[in-house]
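Numbering of the sequence shown is given in this note's numbering, commencing with residue 186 and proceeding in unit increments.
Ideal placement from N, C-alpha and C gives every residue a C-beta, glycine not left out.
Predicted model, so just to flag it, every value in this text is computed and none were measured.
As structure tokens, the structure follows; a few thoughts come after it.
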Amino acid sequence: MTMHTQAAAGRWQIPSGNAARLSALVRAVVLPAVLPVVQALLLALVPVWVAVLAMGPGTARAGEVLDRVASSHTLKVCIWPDYYGITYRDARTGRLTGIDAELSAELAKDLGARLQHVDSSFSRLVPDLLESRCDVAMFAVGILPQRQQQLRFTQPYLSSDIYGITTKSNPAVRSWADIDQPGVQVAVQRGTFMEPVMRESLRHAHLVLVEPPQTREKELMAGRVDVFMTDYPYSRKLLDSSDWVQLIAPPQPFHVLPYGYAASPADAQWLARLNQFVSDIKRDGRLARAARHNGLTAIVAP
186 MTMHTQAAAG RWQIPSGNAA RLSALVRAVV LPAVLPVVQA LLLALVPVWV
236 AVLAMGPGTA RAGEVLDRVA SSHTLKVCIW PDYYGITYRD ARTGRLTGID
286 AELSAELAKD LGARLQHVDS SFSRLVPDLL ESRCDVAMFA VGILPQRQQQ
336 LRFTQPYLSS DIYGITTKSN PAVRSWADID QPGVQVAVQR GTFMEPVMRE
386 SLRHAHLVLV EPPQTREKEL MAGRVDVFMT DYPYSRKLLD SSDWVQLIAP
436 PQPFHVLPYG YAASPADAQW LARLNQFVSD IKRDGRLARA ARHNGLTAIV
486 AP
């Protein structure tokens, strides 16, 4: 060590007595003042860390869906393949028909992407979207408050009331007034908007929840239920394809619900692009044309 270095070190050396007093001062005064601030800062950051961890690898960030579609050239669309008039897959041919079978192809075309349909259902809708198994749900999803708590919806493109379906030979249900009567078994598809509506409105009849592999039609034909509740698209298709069907329409509007396309709440840019698509198909006639092809003109939203 040179004399210059030794001199410099000497100038900065703290006498041992002073060092002890400084250490005691830090412990007695500085640490008690600083620690609460540090603890408060760490506690304030906990919700942020929890939110980031909860998002997980499958959750979309802002703009991520459009980026993913552009890079993969693939659009993943959730459908319910048993939804007559909306997204219905023929068990024999495998062909998918319905208004959203057509419109999902239009969305993929607009995005320059290959269309990949992902089978879903109303009961699996939320996890399928939040876990990014699909980019958008396109099967006439009712815009319900409980769904809006977890998902984001486009502007409505359809709207429908609730209808009853029974058999022509069923003596128990011949009119709307016959539905909510003691002993009547009323079926709804689990997860559809009819479930909470009918649970709230029925006072005397018994509500039966149906889920795959059972179907409402099979339960009705087997005599295990007297009537099942559905919407306009499903009722139209049944009337067109089955001669045993008796439609029970409400004498006045019962519970008209708007339908939209659903997406994860994590990507506002993607929702904006979906809303643009709905505006486009309303303006350029593609929505009207697809509705006409599937007998749904009466329920197209303005």
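Quiz item: Bridge partners of M414, per DSSP?
Solution: G349
Exercise. Can V395 and I347 be called in contact, C-beta distance under 8 Å?
Worked result: no
- Query: On the three-state DSSP scale, how would you describe F462?
  - Reply: helix
Quiz prompt | Own chain residues within Cβ distance below 6 Å of K261, not counting five before or after | solution = Q301, V303, C319 and D320
**Asked** How would you label R359, buried or exposed, when you count the other beta carbons within 10 angstroms and need 16 or more for buried?
**Response** exposed
Item to complete: Verify whether the separation of the beta carbon atoms of G376 and I364 is less than 8 Å.
Response: no
(Q) Please report the distance separating the alpha-carbon of G368 from that of P356. (A) 13 Å
#### Entry: Limits of the beta strand (DSSP E) - the one that R477 falls within
Not the beta strand (DSSP E): R477 falls in the alpha helix (DSSP H), residues R471 to H478.
Would the stretch 400-420 count as touching the stretch 329-336 if we require 3 or more Cβ pairs under 8 Å? no
Where E316 falls, given that 16 or more other Cβ within 10 Å makes a residue buried:
exposed
- Specify the secondary structure class of T377 as computed by DSSP and reduced to three states. coil
- Message: From the DSSP secondary-structure annotation, give me the bridge partner or partners of C263.
- Response: V303 and A322
*Could you check the C-alpha separation between D411 and D252 for me, to the nearest Å?*
49 Å
**Straight-line Cα distance separating D267 from Q399** = 12 Å
inquiry  = Please report the distance separating the alpha-carbon of P443 from that of T282.
reply    = 21 Å
- Which listed residue (T415, P438, Q437 and N460) has its alpha carbon closest to that of A448: N460
*asked:* Beta-carbon within less than 7 Å of E287's beta-carbon, same chain only, minus the 5 sequence neighbours each way: which residues are those?
replied: A475 and H478
Practice prompt. Identify whether Y444 lies in helix, strand or coil by the three-state DSSP scheme.
Written response: strand
Cα-Cα separation between A255 and G248, rounded to whole angstroms:
11 Å
Once you ignore the five residues that flank L387 on each side, which residues in its own chain have a CB closer than 7 Å to its CB?
D365 and V371
Check: For F338, which beta-bridge partners are listed by DSSP?
Finding: A447
Cβ-Cβ distance between I507 and G445 below 8 Å:
Nothing about residue 507 can be read from this structure; the chain reaches only from 186 to 487.
> How big is the Cα-Cα spacing for Y417 and L392?
Replying inline: 20 Å
| Beta carbon of W429, beta carbon of T339: below 8 Å? | no
query: What is the C-beta distance between L310 and A486, in whole angstroms, given that I count them as a contact (C-beta under 8 Å)?
result: With a Cβ gap of about 20 Å, L310 and A486 do not count as contacting.
Worksheet entry | Of the residues F307, A276, W265 and P312, the one placed nearest S289, counting alpha carbons only | W265
CA nearest to the CA of D465, picked from Y269, D295, D275 and T259: D295
Considering only the alpha carbon of each residue, which of D275, Y269 and A298 lies closest to I284? Y269
(Q) So, with DSSP's three-state summary, where would you put L394? (A) strand
*Cα separation between T244 and W361?*
Reliability fails at T244, whose pLDDT of 47 lies under 50, so the model's placement of it is uncertain and no value is given.
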